[in-house]
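*Asks:*
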Amino acid sequence: MSTKLLGERIKRKEDPRLIQGRAHYVDDIKLDGMLHMVFARSVYAHARITKVDTTAARALPGVVAVYTGQDIKGKLGLVPCAAGMEGLKIPDHPCLAIDKVCYIGEPIAAVVARDRYVARDAADLIEVNYDPLPAVTDPLKALEKGSNVIHEEFGDNVAFVAKLDAGDWKVVEADSTLKVIKQRFINQRLAPISMETRGVIASYSPGEDTLTVWSSTQIPHILKTQLALMSGVDEARSRVITPEVGGGFGSKLNVYGEEGVACFASKQLGKPVKWIEGRRENMLATIHGRDQVNDLEIYVQPDGKVVGLKCLIVADLGAYHQLLTPAIPTLTALMILGCYNIKHVDVETKGVFTNKMATDAYRGAGRPEATYIIERAMDLVAHELKLDPAEVREKNFPSPKDFPLALPTGVTYDTANYQKTLKRVLKAASYSKLRKEQERLRKKGKYLGIGLSTYVEICAMGPSSRMPAGGWEAGTVRVEVTGKVTVLSGASPHGQGEETTFAQIVAEELGIPFDDVTVYHGDTFQIPMGIGTFGSRTTAVGGTAIYNAAQRIKKKMARIAAHKLGIKPGALQFVDGKIQTADGQKSIGFGEVVAEAIFAKQLPPGIEPGLTEHCVFEPPNYTFPFGAHLAVTEVEAETGEVRLRDYFCVDDCGRILNPMLVDGQVHGGLAQGIGQALWEELVYDENGQLVTGSLMDYALPRAHQFPWFNTSNTETRTPVNPLGAKGVGEAGTIGSTPAVVNSVMDALRPFGVRHIDMPLKPEKLWNAMKGGLKTS
Amino acid sequence: MKIKIKLNGAWREDDVEPRLLLVHYLRDVAALTGTHIGCETSICGACTVLLNGDAVKSCTLFAVQADGAEILTIEGLGSDGHLHPLQQGFWEEHGLQCGFCTPGMILASHQLLSRNPDPTQDEIRKGLDGNLCRCTGYQHIVKAVENAARQMKDE
């Protein structure tokens, strides 16, 4: 029997170092002569800088250097944006503001000192004179004629306009039998909040002319290229290492100005320079997520079949573009149809500059917004037509036989069975019983809500033709002399657990013990090529590269084994440390073949010594995981408080390689998606001041706020990769937000409430309910 | 200022600045980097250590406030080759992902179980409300603490 590892609940290889406090995150690394950097940041959302006085800061004992925008001008490249859509306006984004600031928290000066306390003291001594300008904080007002313009060179605040138009709107608009349902949805701004903030150490060696950077990043290889370009160090002499990374959720899928300044400072001083972000800085100056206003029109037949969808997406991009800022809302347009093949589509997306921190990829990245729009719409359809929300969804689902399914949005969904996940979640939650309970409770003045969401997401990013800088992933499998196996991945997991999953793949394929496989990632000197971890791609794309490399190793080892055994190379099996014929009659030890491959005494002709195989997997399509979620809430009529009573979800992420890790990914995603629905919100005031700038003000969910999550899965394998895996990192976040909001709106139905924007805080619900019950 | 602290079982003396935070003392002076800094406002609990057996947030205490005290950090919890039942529980039940909140979460759980060796799920959730995790959605952490409680009962 082969060693069965795939599909099993295998404990993580990562954990022993983490649970004993023996892992090394960036701030745990100390280098000889290392200096500490702290930033002075803008206190205005929009202002001209008239003077930056660093005299007092420089005079403080222990301060080694102070840099301002003027010091880096022309010497350190701009913060890069990789999104390349037509007509996109890209404002200059220096790593330190030069003569203007455009958001609160924008770095103005950097202090480098021998000690982090001294660096902080000195940063507070920097005096900046500002000439304040009116702040533009509302994206809709930013679009109005006469609005103040943030980047004068563009003439207005529109960064881009993208249109998606399909079907025949003349026919739709002429059809008087169709009902038109309109609604504005606001998808509020969120903070990603990885528990580890950002951090970087840049170490330039003047003698060797090499730059080594330790960064808490999701994309070491991309970061290496960009920091080399920004700092002017030859890319072949630049190296990025990601030590342990304490979460990212998209916020570390980026190249930040602070990383550039650290490289600049180290190059100037010839010493390692460390910068560790504070939490308040993290709230101000690490990318934010979401922040869209969506004006939706749905055209629906009397039987509940949706035939047309129009939407204006206004995306608040913030002041500057970070790496993927403008690309994120385009994913909303791409996935706006959800799991319904709606024929007529008209979506316009407008990216707008405001005086706030940039938005960018936060877990889900554009797809939670899409799912929220379409899943709230399905409930509005049910509400208006007095149909059951499950029935409306069912009516609009494509059949499992329709896949692969090309949609008018230009994407082709790989495989799905939406009916099955919906049916399973309704059964798990005892849906019809719940509806009866709801009726009973309503009569007693208690308000129970039942909310559904049936989602599909676009994952395993992705085909290179659709990605800004390559969508492939690289993997290397190297069998060492002792038979131990080293695996190198270009992906950069930071909590997802692929050191374990990848080892499961390789150990099972090679028929060797799980403990004999060690997975490395996140060092550009060790790992020849890589893209990184984001977009639920690591297992599906990165895992496939490794799987393919293992296949090549097997092919080579089988040839050597056959040669040794004196048989024809054919279908040899790799089982329990042996390579054997199908009937088990002839076999040779794995280690014996390894020794032959490397010592090369009697290799068959044409075989090169060594057992190292490097593969790059280019995915032919994205994958489209899907699922059905159901939230049960209770709303307290007296206070407007929501209690999430029960949560059920059935997710389909294709083939499951480690069910324990899949559960973990779903749970974490749920917490973030439910957090958006009920509690989380970044609030800027009209002056562009961030009101929720610390964890004392931003409602990050806590343990007691969640019920037990009832999770389960169906497994519809994708044909897009040989593993059949689709990806699961973002499913929970994408599926849960609309389920919870639909649930609360369902609870408030007796009050005639149609829609309330997130987060569903008690005061909003209380205000909506105070008009009393509506008899309709 | 001179301070004397019994750190993970061994007394040590150091001369520290009065404003040095306890967490920086542990990380930078004593080189125990298993205690993490997540928020600087004592909300997130990543910096939780045990001070005379009580879970405290070391980011909002000065090192000098710990003078004469006994401190246990994650590094001192298990012994060589033996994981503490809480460490084992977190491993068994996948109670961590990125691992950044984990040392603090484990030490807060330590206090919880020392006060209530057989907690309900609800008591675990409420007992860990001072510790934030952004990865797990807390469910596997609840299971991890239940797992540890079972192990400790059997011991």
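So the protein lines, in turn, are chains G and H.
Numbering-wise (the working numbering), the first sequence opens with residue 365 and increments by one.
Numbering-wise (the working numbering), the second sequence opens with residue 410 and increments by one.
We put the beta carbon where it would ideally sit given N, CA and C, even for glycine.
Could you round the C-beta distance between G:T1075 and G:D1027 to whole angstroms and report it? I think they count as a contact, below 8 Å.
*Replies:* Here residue 1075 of chain G corresponds to residue number 711 of the first sequence, with the count starting at 1. Here residue 1027 of chain G corresponds to residue number 663 of the first sequence, with the count starting at 1. Right, the Cβ-Cβ distance comes to about 6 Å (below 8 Å), so this counts as a contact.
*Asks:* Considering only C-alpha positions, which residue in the set G:L593, G:L554, G:S406, G:G1018 is nearest to G:T1097?
*Replies:* In the first sequence, counting from the first residue as 1, residue 1097 of chain G sits at position 733. For the residues G:L593, G:L554, G:S406, G:G1018, the minimum Cα distance to G:T1097 belongs to G:L554.
*Asks:* Alpha carbon to alpha carbon, how far is H:D531 from G:N493?
*Replies:* Along the second sequence, read from residue 1 onward, the residue named residue 531 of chain H stands at position 122. Along the first sequence, read from residue 1 onward, the residue named residue 493 of chain G stands at position 129. Between H:D531 and G:N493, the C-alpha separation is close to 53 Å.
*Asks:* Return yes when the Cβ of G:H585 is within less than 9 Å of the Cβ of G:I891, no when it is not.
*Replies:* Locating residue 891 of chain G in the first sequence gives position 527, counting from the first residue. Locating residue 585 of chain G in the first sequence gives position 221, counting from the first residue. It is a contact, given that the beta carbons lie within the stated cut-off.
*Asks:* How many Å lie between G:M893 and G:P380 at the Cα?
*Replies:* The residue you call residue 893 of chain G lines up with position 529 of the first sequence. The residue you call residue 380 of chain G lines up with position 16 of the first sequence. Whole-angstrom Cα-Cα distance: 28 Å.
*Asks:* In the DSSP assignment, what residue or residues form a beta bridge with H:M410?
*Replies:* As a first step, residue 410 of chain H is located in the second sequence; it is residue number 1 there, counting from the start. Looking at the DSSP assignment, H:M410 forms no beta bridge with any residue, so it has no partner.
*Asks:* On the criterion of 16 or more Cβ atoms from any shown chain inside 10 Å, does H:H491 qualify as buried, or is it exposed?
*Replies:* As a working mapping, residue 491 of chain H is identified with position 82 in the second sequence. So H:H491 ends up on the exposed side.
*Asks:* By how many angstroms is the C-alpha of G:L805 removed from the C-alpha of G:E1005?
*Replies:* Against the first sequence, residue 1005 of chain G aligns to sequence position 641. Against the first sequence, residue 805 of chain G aligns to sequence position 441. One C-alpha to the other measures close to 17 Å.
*Asks:* Which word fits G:K534, buried or exposed, when buried means at least 16 other C-beta atoms lie within 10 angstroms of its C-beta?
*Replies:* The residue given as residue 534 of chain G occupies position 170 in the first sequence. Label assigned to G:K534: exposed.
*Asks:* Just grab the DSSP bridge partners of G:P471 for me.
*Replies:* Here residue 471 of chain G refers to the residue found at position 107 when the first sequence is read from its first residue. Partner(s): G:R405.
*Asks:* Consult DSSP for H:D423 and reduce its assignment to one of helix, strand or coil.
*Replies:* Within the second sequence, numbered from 1, the residue matching residue 423 of chain H stands at position 14. H:D423 falls in the strand class under three-state DSSP.
*Asks:* Looking at G:S1107 and G:G728, is the spacing between their C-beta atoms short of 9 Å?
*Replies:* Walking along the first sequence from the start, residue 728 of chain G turns up at place 364. Walking along the first sequence from the start, residue 1107 of chain G turns up at place 743. Their beta carbons are not under 9 Å apart, which means G:G728 does not touch G:S1107 by this criterion.
*Asks:* Specify the secondary structure class of G:N719 as computed by DSSP and reduced to three states.
*Replies:* What you label residue 719 of chain G is simply residue 355 of the first sequence in a count that begins at 1. In this structure, G:N719 counts as coil in the three-state DSSP scheme.
*Asks:* Just to confirm, is the Cβ distance from G:G809 to G:V905 under 9 Å?
*Replies:* Here residue 809 of chain G refers to the residue found at position 445 when the first sequence is read from its first residue. Here residue 905 of chain G refers to the residue found at position 541 when the first sequence is read from its first residue. Their beta carbons are not under 9 Å apart, which means G:G809 does not touch G:V905 by this criterion.
*Asks:* State buried or exposed for G:N1131, treating a residue as buried only when at least 16 other CB atoms are found within 10 Å of its CB.
*Replies:* Counted from its first residue, the first sequence places residue 1131 of chain G at position 767. Exposed: under 16 other Cβ atoms inside 10 Å.
*Asks:* Spell out a yes or no on whether the region 1016 to 1033 of chain G and the region 419 to 426 of chain H are touching, meaning 3 or more CB-CB pairs, one atom from each, closer than 8 Å.
*Replies:* Verdict: no, contact absent.
*Asks:* Measure the alpha-carbon distance for G:W1072 versus G:D1010 and round it to whole angstroms.
*Replies:* If you number the first sequence from 1, residue 1072 of chain G lands on position 708. If you number the first sequence from 1, residue 1010 of chain G lands on position 646. For G:W1072 and G:D1010, the distance between alpha carbons rounds to 7 Å.
*Asks:* Closest by CA to G:I383, which one among H:K562, H:A553, H:C468?
*Replies:* The residue you call residue 383 of chain G lines up with position 19 of the first sequence. Here the closest residue by C-alpha is H:A553.
*Asks:* In angstroms with no decimal places, state the Cα-to-Cα distance between G:W578 and H:G546.
*Replies:* Taking the first sequence and counting its residues from 1, the one referred to as residue 578 of chain G is at position 214. Taking the second sequence and counting its residues from 1, the one referred to as residue 546 of chain H is at position 137. Going from the Cα of G:W578 to the Cα of H:G546 covers about 29 Å.
*Asks:* Where do the N-terminal and C-terminal ends of the alpha helix (DSSP H) with G:Y481 fall, by residue?
*Replies:* The residue labelled residue 481 of chain G in the question sits at position 117 within the first sequence. Segment 480 to 488, the alpha helix (DSSP H) holding G:Y481.
*Asks:* Would you check if the distance between the CB atom of G:M559 and the CB atom of H:C544 is smaller than 9 Å?
*Replies:* The residue given as residue 559 of chain G occupies position 195 in the first sequence. The residue given as residue 544 of chain H occupies position 135 in the second sequence. Yes; because the gap between Cβ atoms is below 9 Å, this pair is in contact.
*Asks:* When DSSP labels each residue in this structure, what does G:N1077 get in the three-state scheme?
*Replies:* Reading the first sequence from its first residue, position 713 is the one you call residue 1077 of chain G. In this structure, G:N1077 counts as strand in the three-state DSSP scheme.
*Asks:* One question on the structure: do G:E599 and G:K588 come within less than 9 Å of each other, judged by their Cβ atoms?
*Replies:* Residue mapping note: residue 599 of chain G aligns to position 235 of the first sequence, counting from 1. Residue mapping note: residue 588 of chain G aligns to position 224 of the first sequence, counting from 1. Yes. Within cutoff.
*Asks:* So G:C466 and G:I514 are supposed to be a Cβ contact under 8 Å. How far apart are they, rounded?
*Replies:* Residue numbering aside, residue 466 of chain G sits at position 102 when the first sequence is read from its first letter. Residue numbering aside, residue 514 of chain G sits at position 150 when the first sequence is read from its first letter. Their Cβ separation, rounded to whole angstroms, is 6 Å, which keeps G:C466 and G:I514 in contact under 8 Å.
*Asks:* With 8 Å as the C-beta to C-beta threshold (strictly closer), list the residues of the region 897 to 910 of chain G near chain H in chain order.
*Replies:* From the region 897 to 910 of chain G, no residue has a Cβ closer than 8 Å to chain H.
*Asks:* What's the C-alpha gap between G:L633 and H:T469?
*Replies:* The residue you call residue 633 of chain G lines up with position 269 of the first sequence. The residue you call residue 469 of chain H lines up with position 60 of the second sequence. Those two C-alpha atoms are separated by around 33 Å.
*Asks:* Can a CB atom of chain G be found closer than 9 Å to the CB of H:G418?
*Replies:* In the second sequence, counting from the first residue as 1, residue 418 of chain H sits at position 9. False, the Cβ-Cβ gap to chain G never drops below 9 Å.
*Asks:* When Cβ atoms are compared, which residues of the region 1046 to 1070 of chain G fall closer than 7 Å to chain H?
*Replies:* Of all residues in the region 1046 to 1070 of chain G, S1058, L1059, M1060, L1064, R1066, A1067, H1068, F1070 have a Cβ within less than 7 Å of some Cβ in chain H.
*Asks:* So, with DSSP's three-state summary, where would you put G:M365?
*Replies:* The count along the first sequence starts at 1 and reaches residue 365 of chain G at position 1. Residue placement at G:M365 is flagged as unreliable, the pLDDT there being 40, under the threshold of 50; the coordinate-derived value follows with that caveat. Coil.
*Asks:* Output, in chain order, the set of chain G residues within a Cβ distance shorter than 7 Å of H:I483.
*Replies:* Numbered from 1 along the second sequence, position 74 holds the residue referred to as residue 483 of chain H. Within 7 Å Cβ-Cβ: Q384, G385.
*Asks:* Among all the DSSP beta bridges, which residues are the ones paired with H:D463?
*Replies:* Here residue 463 of chain H corresponds to residue number 54 of the second sequence, with the count starting at 1. H:D463 is bridged to H:L460.
*Asks:* As a quick exercise: from G:L575, G:V619, G:I640, pick the residue whose alpha carbon is nearest that of G:S630.
*Replies:* Taking the first residue of the first sequence as position 1, residue 630 of chain G is located at position 266. Looking at the Cα atoms, G:L575 is the closest of the given residues.
*Asks:* So who's on the other strand from G:W1043, going by DSSP bridges?
*Replies:* Numbered from its first residue, the first sequence carries residue 1043 of chain G at position 679. DSSP, once it has assigned bridges, lists no residue as partnering G:W1043.
*Asks:* Return helix, strand or coil for G:N551, following the three-state DSSP convention.
*Replies:* Translated into the one-based positions of the first sequence, residue 551 of chain G becomes position 187. The answer is strand: DSSP assigns G:N551 an E or B state.
*Asks:* Determine the burial state of G:Q949: buried for a count of at least 16 other Cβ atoms within 10 Å of its Cβ, exposed for fewer.
*Replies:* By 1-based counting over the first sequence, the position of residue 949 of chain G is 585. So G:Q949 counts as exposed.
*Asks:* Kindly say whether H:N540, judged by its beta-carbon, lies nearer than 9 Å to any beta-carbon of chain G.
*Replies:* For the purposes of this step, residue 540 of chain H is taken as the residue at position 131 of the second sequence. Interface residue, yes.
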